[in-house]
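So the sequences go chain by chain: A, B and C.
Just so it is clear: in the first sequence, position 1 is 494 by our numbering, and no numbers are missing.
Just so it is clear: in the second sequence, position 93 is 1536 by our numbering, and no numbers are missing.
Just so it is clear: in the third sequence, position 157 is 198 by our numbering, and no numbers are missing.
C-beta: ideal position from N, C-alpha, C; glycine also.
Every value quoted in this text rests on a predicted model; they were computed, and no experiment measured them.
Read through the structure below, which is laid out as structure tokens, and then see the notes.
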Amino acid sequence: MFSFALHLIARDFRLALRRPMDVASALFFFLIMASLFPLGVSPEPELLRQLAPGILWIGALLSNMLSLPRLFAEDFQDGALEQMALAPYPLFLLAMSKTLAHWLICGIPLAFLSPLLGLQFDLPPDALGILFVSLLLGSLALAGIGAVGAALILGLRNGGILLALLILPLYIPALIFGTSAVDAVTHGLSPLPYLLLLAAFTLGCAVFAPLAAAAALKVSLE
Amino acid sequence: MFSTPHWFKFAAPAAFYPLAGKMIPWFWALAALFGFIGLWLGFVVAPIDFQQGEGYRIIFVHVGASWMSMFIYLVMAFWAAIGLSFHTRLSGMMTEALAPTGALFAFLSLWTGAFWGKPMWGAWWVWDARLTSELLLFFLYIAFIALTRAIDDPRRADKSGAILVLASVVNVPIIYFSVRLWNSLHQGASVSLTRSPSMAAIMLWGMLFCALAMWMYSIAVSLTRVRRIILEREQQTEWVKHLLSPVTATAP
Amino acid sequence: MLEVIDLEGQRGDSCLFHGVNFCLEAGELLLLRGRNGAGKTTLLRALCGLTPPASGKICWKGEPIHAQGAEYRRELCYLGHANAIKEDFTPLENFRAQACLSGDAEHPETKDALAALGELGLSGREHLVCRHLSQGQKRRTALSRLARERRALWILDEPFVALDAQAVAWLSGRLGEHLASGGLVVLTSHQSADIPRARKIKTLTLSA
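Pasting the structure below:
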């Protein structure tokens, strides 16, 4: 059972390596989006420092979401998802492995990129660290919730825009806890309470979201 | 008293359709009655608020609409859970029939909130914790409606919608908590619409009757909608063909 | 072993088939026929447990399949319309991925994998990315999993499509071997397949 999950994650990882541009474009989207804000708002460092946690978190959240349809859609189209669903393991395991794979392939690189973008916004070093940690934790929650949405929209017309409607409202707690942690550091307070809240939310998502995603997959495969 | 088999009998659309038809006029009548009493109390009997003037009277609509918008989502979650566990077809139809009414009340609550906010706070919109949560609730309704409308197969639409509603309803308290936290951090406007320091009993009664009227209206309108959905989905079955045959015969 | 009782299948609101009954014992093959849209694929997906039937029962070894869940899927090999192979993988990688994803505990040996692909005439192309293969070669890659498949029940949707005479002969031979060793096969096909050593071929025609 454990080896099935590992095989699945390894397979998704290898597939992502074959198409590095897919991962890179999510990162570039993040980069471009974050660079638009100073142009659209003002290059004033004080203002940018205030806006930075929100901009970077929303940027990471959106680029996470943009790469979500890929999570199941390709496997759904070429029949691989059916085969995985027919494996003698619960669908929960499939949903969980796919969530973890998405976190590894998309969430973690975004988290690693974020401190670099934070520099553009003149964030202090300790805030950069917290930004990284909060995104690392939070993107697992984003992947979990996203998997539910991605499973629900399988095979639907206009799935991408629908996905945004479905999951963005559910992303809000992660956004608030994550940005609050970074804000707390920039104001000289302890980010720990917010990080703990974020960790709790992530833990909850990591356990319960795959259940919902598995149910959604079952329905979508019918 | 009904025994269990009787209840399950009405879970069949063919049995529920005529029952709903009989109930609808009563709920409309109650809605009209309660609405009349509520508005009369609110607009004629209740005194002018010495701080807020006439403008406060919008709360007679606003509070009821907010309550209903939250309550209807819970009812939808209830039907979703029933549908997923017992595979009753009617539950999916109920969930789908309730959603537009819930969205309407969420919108009404936001709209009346804005009307109240303009004279009170001098702004149409304030990022108050309650208003923001209500806005997110409105988004959740929109998400449900968009998802179920995008799926052609009604069985899949029911199940997918149910999964979405249940996943969202678990999240609602967390979202509400996080928005309250966010609001307390940013020290924005924290005036709450319903926290009037001393509300006269008559105002409370007015609000209560308005809320009851909305409740009755919701039941009436969603039963009407459920009847339409039943006809749409069951048009292949004998009883619907039988039901519709005199109508189609007289139509030119 | 595989017993289907009074099965009814729906797509959307319309009924595709009803009153489907059959019983398949070890070593038997069921050939499913019917026009396009008669519900052949729906029936196969119902047999796999992917699409729940509108009504009726499907039993494997006397027990309903939905009650068995993973136990049933452990004995099932399904090959759908889609090839379920990854364009970015080579045939060798696809073979391995299939073996791992179908939940076979042991990782296939490279020489086994190469031999299986060789049987299907894919020698020399094992390390070529599938994107560069022809339609027929992709289908062969998908079929290669049957070369070593030991599960009892094979459910195959149009397995002969896009195959040349040589590959058709291989597949027929392989089906024959499987039946001879006590396996069961359910397949849809428009051409009449000649399967050597098949003791008993049942035919079921779905009429819309």
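{"Check": "Whole runs of the beta strand (DSSP E) within the region 157–217 of chain C, excluding any shorter than 3 residues", "Outcome": "194–198"}
{"Check": "Among F1477/B, F1470/B and R1598/B, the one whose alpha carbon lies nearest that of Q1533/B", "Outcome": "The displayed chain sequence assigns Leu, not Gln, to residue 1533/B. Residue R1598/B is the option with its Cα nearest to L1533/B."}
{"Check": "Selection of the region 595–621 of chain A by Cβ proximity to chain C, strictly under 9 Å", "Outcome": "none"}
{"Check": "Per-residue burial, P1695/B [other beta carbons within 10 Å of its own, 16 or more giving buried]", "Outcome": "With a pLDDT of 41 at P1695/B, under the threshold of 50, the modelled position of this residue cannot be trusted, and the question is left open."}
{"Check": "Three-state secondary structure assigned by DSSP to S222/C", "Outcome": "coil"}
{"Check": "Chain A within 9 Å of W1625/B, Cβ atoms only", "Outcome": "yes"}
{"Check": "9 Å Cβ cutoff met for L574/A and D568/A", "Outcome": "yes"}
{"Check": "Ordered list of beta strand (DSSP E) runs contained in the region 532–571 of chain A, each at least 3 residues", "Outcome": "none"}
{"Check": "Residue ranges of each beta strand (DSSP E) within the region 52–112 of chain C, 3 or longer", "Outcome": "55–65, 69–75 and 96–101"}
{"Check": "Buried versus exposed call for I1645/B [16 or more other C-beta atoms within 10 Å across all chains shown]", "Outcome": "exposed"}
{"Check": "N- and C-terminal bounds of the beta strand (DSSP E) containing C118/C", "Outcome": "L117 to L120"}
{"Check": "Start-to-end residues for the beta strand (DSSP E) that takes in K243/C", "Outcome": "K241 to L247"}
{"Check": "Reduced DSSP category for T1531/B - H, G, I as helix; E, B as strand; rest coil", "Outcome": "coil"}
{"Check": "When V626/A, V641/A and G639/A are compared against S673/A, the one with the closest alpha-carbon", "Outcome": "V626/A"}
{"Check": "Terminal residues of the alpha helix (DSSP H) in which S713/A lies", "Outcome": "L685 to L714"}
{"Check": "Option in A1542/B, R1592/B and I1501/B with minimal Cα separation from W1559/B", "Outcome": "I1501/B"}
{"Check": "Contact check, L88/C vs P200/C, beta carbons under 9 Å", "Outcome": "no"}
{"Check": "Members of the region 43–58 of chain C that neighbour chain B once the beta carbon cut-off is set at 7 Å", "Outcome": "G53 and D54"}
{"Check": "R1599/B at chain A interface by Cβ criterion, 9 Å", "Outcome": "yes"}
{"Check": "L659/A: contacting residues in chain B (beta-carbon distance under 7 Å)", "Outcome": "A1586, L1590 and L1607"}
{"Check": "Chain B contact for V678/A (CB, 9 Å cutoff)", "Outcome": "no"}
{"Check": "Residue closest to A1463/B, alpha-carbon to alpha-carbon, out of T1544/B, L1484/B and R1668/B", "Outcome": "R1668/B"}
{"Check": "Meets three-Cβ-pair contact criterion under 8 Å: the region 68–86 of chain C and the region 147–161 of chain C", "Outcome": "no"}
{"Check": "Distance, A1524/B Cα to A1632/B Cα", "Outcome": "Below a pLDDT of 50, predicted positions are generally treated as unreliable, and A1632/B, at 43, falls in that range; the measurement from the model is reported next regardless. Approximately 37 Å between the Cα atoms of the pair."}
{"Check": "Rounded C-alpha distance that separates H1530/B from A111/C", "Outcome": "22 Å"}
{"Check": "CB of A1557/B within 9 Å of CB of W1570/B, strictly", "Outcome": "no"}
{"Check": "Under the three-state DSSP convention, the category A46/C falls into", "Outcome": "Note that residue 46/C is Ile in the sequence shown, not Ala. Correct three-state label for I46/C: strand."}
{"Check": "Selection of the region 569–586 of chain A by Cβ proximity to chain C, strictly under 8 Å", "Outcome": "Q570, D571, G572, A573, E575, Q576, M577, A578, L579, A580, P581, Y582 and P583"}
{"Check": "Short CB-CB distance (under 9 Å) between L1482/B and chain A", "Outcome": "no"}
{"Check": "C-beta atoms of I1606/B and V700/A nearer than 9 Å", "Outcome": "no"}
{"Check": "Contacts of L682/A in chain C (Cβ-Cβ under 9 Å)", "Outcome": "The premise fails here: L682/A is roughly 47 Å from chain C at the closest Cβ pair, so nothing lies under 9 Å."}
{"Check": "Closer than 9 Å to chain C by CB, R1668/B", "Outcome": "no"}
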